[in-house]
Amino acid sequence: MHLKDIPALAELKEQLIRSANSNRNGHALLFHGSSAALIFPLVKAYCQFLACKNPTENDSCGHCSHCIQLSQNSYPDLHYSFPFANKEKAPKGLNADYFMREWLDFIKERNFFGLNDWLDYAGLNGKSALINVHEVRRINDKLNYKSYGGGKKFVILYLPEYLNISASNKFLKTLEEPSDNSMIFLVSEKPENLLQTITSRCQKVFVPPLKNDDIEQFLISQGVDNETSKISASLANGSILEGLQISKNNQSYVVYAQLFQNWMRGCYSAKTREIFTFVDEFAKLGRDQQREALQFFMDTIELSLKAATKQESASHPLFTQIGFKLAGFASVLHFQNSKEAYEVLSKANSDLQRNGNVKLIMSDVSFKFSNLLRMKA
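Residue numbering for the sequence shown follows the numbering used here, starting at -14 and increasing by one per position.
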């Protein structure tokens, strides 16, 4: 993978190239941000740049033996570590080697992915993933081996926040006593969940969320039509993975927008029949769709508040498509009722994840909204 294959982030890429050219990279780099789906391919592309025999000014050549091996996931001095879960008939002392063939196939198929995508692919969905002490021992063994190519050895640790306590303590010693000519890249969404002693020993690199325009242009480059790209980008919260997922499931979001429109009209006018119609329609959605819809409703509340406080325009391509004037909804919002509305939806989301009764939860939310929308500032 080349750096040019990573959308946007021009300034960050330049910073990384300068660090490499001036030999200012530390032994351990903590790449962190809201989306590991973007960070992981960026780190992978950066490793290729560092390992490349004939790099250009701003990227790897793509033609040397190292670049070819890296593109085929066969470069012997690049090692991966990632969360996994116990599997029936798995050996004692389970580590990532047991899943490595599946992992390499998985990352070859997908450039952008989330943890759940990986767990589903490996047949580990529904299980608690972690990185155990046996895996850290494996990392240490890899780092202590002599480099096959005579250059640097690389380890990419995907989601180090899944290190358990014993693994965290052992990994800390790995950072305290670095192997010669090696680099460890940590790809994290929640660095605050790491031991402070681990983060303090890493050179930190923040990867910002993408702008809507960047996601939109990326989706268009992937063959998504202009309108779907625009709508998907506006709903993606700066995440390229969310943008891709929404673009493949765009019609569902049209349904969510229509649900929201009818629901808010029923709540504002306190029409019980319309409220219960919404509750019945919402209950017919699958669990994943219900969570998606609630997150969409929460994002819409946030957007409407920004519009009400003049931080953003009161428009959205999805609502424009169905003829719902978001500005009218924004006019009944103010800081107090929008904050409470967001919290009510957030609690409903948590209750649904605990398998609460959908109709009871959404009926309660609806009547609370009916009161909130008529609350005066």
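Glycine is no exception: its CB is placed at the ideal position from the N, C-alpha and C atoms.
- The count of Cβ pairs closer than 8 Å, one atom from the stretch 82 to 91 and one from the stretch 50 to 69, reaches three, so the stretches are in contact.
- When C-beta atoms of the stretch 346 to 359 are compared with those of the stretch 259 to 270, three or more pairs fall below 8 Å, so the two segments count as touching.
- The stretch 183 to 243 contains, as complete beta strand (DSSP E) runs of 3+ residues, the segments 188 to 191 (chain order).
- Around the Cβ of residue 18, a 10 Å sphere holds 16 or more other Cβ atoms; the residue is buried.
- Counting other Cβ atoms within 10 Å of its Cβ, residue 277 reaches 16 or more and is therefore classed as buried.
- The DSSP-derived three-state label of residue 171 is strand.
- Annotation note: the stretch 43 to 102 contains the following uninterrupted beta strand (DSSP E) runs of length 3 or greater, listed N- to C-terminal: 63 to 66.
- For the pair residue 147 and residue 253, the Cα-to-Cα distance works out to about 44 Å.
- Rounded to the nearest whole angstrom, the C-alpha separation of residue 189 and residue 14 is 6 Å.
- In terms of Cα proximity to residue 61, the closest of -3, 130 and 273 is 130.
- Under the three-state reduction of DSSP output, residue 17 falls in the strand class.
- Exclusion of the five residues before and after residue -11 leaves 44 as the residues of its chain whose Cβ lies within less than 6 Å of its Cβ.
- Residue 144 sits away from residue 12, with the two beta carbons spaced by 9 Å or more.
- Taking C-beta separations shorter than 6 Å and ignoring five residues to either side along the sequence, the partners of residue 171 in its chain run 15, 142 and 145, following chain order.
- Taking 8 Å as the upper bound for CB-CB distance, residue 195 and residue -8 are in contact here, some 6 Å apart.
- According to the DSSP assignment, residue 141 belongs to no alpha helix (DSSP H) but to the beta strand (DSSP E) extending over 138 to 143.
- Around the beta-carbon of residue 78, fewer than 16 other beta-carbon atoms lie within 10 Å, marking it exposed.
- Three or more Cβ pairs closer than 8 Å define a contact, and the stretch 150 to 170 meets that threshold against the stretch 108 to 122.
- Each residue's CA atom was taken as its position, placing residue -13 and residue 336 some 43 Å apart.
- A distance below 9 Å separates the beta carbons of residue 156 and residue 124.
- By the Cβ rule, the stretch 355 to 362 counts as touching the stretch 318 to 328, because three or more pairs are nearer than 8 Å.
- Boundaries of the alpha helix (DSSP H) around residue 4: -5 to 6.
- With a cutoff of 9 Å on beta-carbon distance, residue 235 and residue 279 are scored as not near each other.
- Under the three-state reduction of DSSP, residue 357 is assigned to helix.
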